[in-house]
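Have a look at the structure below before the remarks.
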Amino acid sequence: MSRETIQAYYDAFNRGDVEGMIATLHDDFAHHVNEGAMRLGKDAFAEFCRHMSETYKELLTDMVVFANEDGTRGAAEFTVNGTYLKTDPGLPEAKGQTYVLPAGGFFTLKDGKITRVTTYYNLQDWIRQVSQ
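In structure tokens form, the structure reads like this:
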């Protein structure tokens with residue numbers, strides 16, 4: 001079940017379907033952002049997703065999903081193919097730059113729903129790509 005839940009989360013991401021992503025989340029949810037503050041709850045996650053969809057357009061490819069046997073932990077590795085649409089405060093100016101980054105996500109699940117996702121990518125690599 002955990003592999004399917006994680007895959008459904010990323011399938012919804014690729015569709016730009018925030019509600020579909022939220023449907024995979026447990027009521028007790030924590031989002032650990034790469035080099036950012038932790039967000040607690042579905043509402044905070046939805047707000048984050050709205051900001052991200054205004055600022056970045058991303059498609060995840062080369063997806064490989066892993067899960068342990070009891071369905072409580074999982075991970076995914078993928079490539080982020082993106083366009084920087086709108087300047088994010090504290091980051092380089094957005095001018096429609098494109099970028100390609102290896103990235104991953106780490107998950108904890110309970111009752112078939114995601115209770116934690118930790119996202120990882122190399123921020124310095126992203127900054128280098130959008131600053132060229």
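When we follow full-length UniProt numbering, the leftmost residue of the sequence shown carries the number 1, and every step to the right adds one.
Using N, Cα and C, we set each Cβ at its ideal position, and we do this for glycine too.
Keep in mind the model is a prediction, meaning the values are calculated, not measured.
(message) Mapping the DSSP letters down to three states, classify Met63 as helix, strand or coil.
(response) In the structure shown, Met63 sits in a strand (DSSP, three-state: E or B).
(request) Thinking Thr119 and Asn34 are a contact (beta carbons under 8 Å), I'd like their distance in whole angstroms, please. (result) Contact holds; Cβ gap of about 5 Å.
(message) Tell me the DSSP secondary structure of Val117 in three-state form.
(response) It is a strand residue.
(message) I'd like the ranges of any alpha helix (DSSP H) spanning at least 4 consecutive residues and lying wholly in the UniProt domain "SnoaL-like" (6 to 117).
(response) You should have 18 to 22 and 42 to 55.
(request) To the nearest angstrom, report how far apart Lys86 and Phe13 are at their CA atoms. (result) Here the alpha carbons of Phe13 and Lys86 stand approximately 19 Å from one another.
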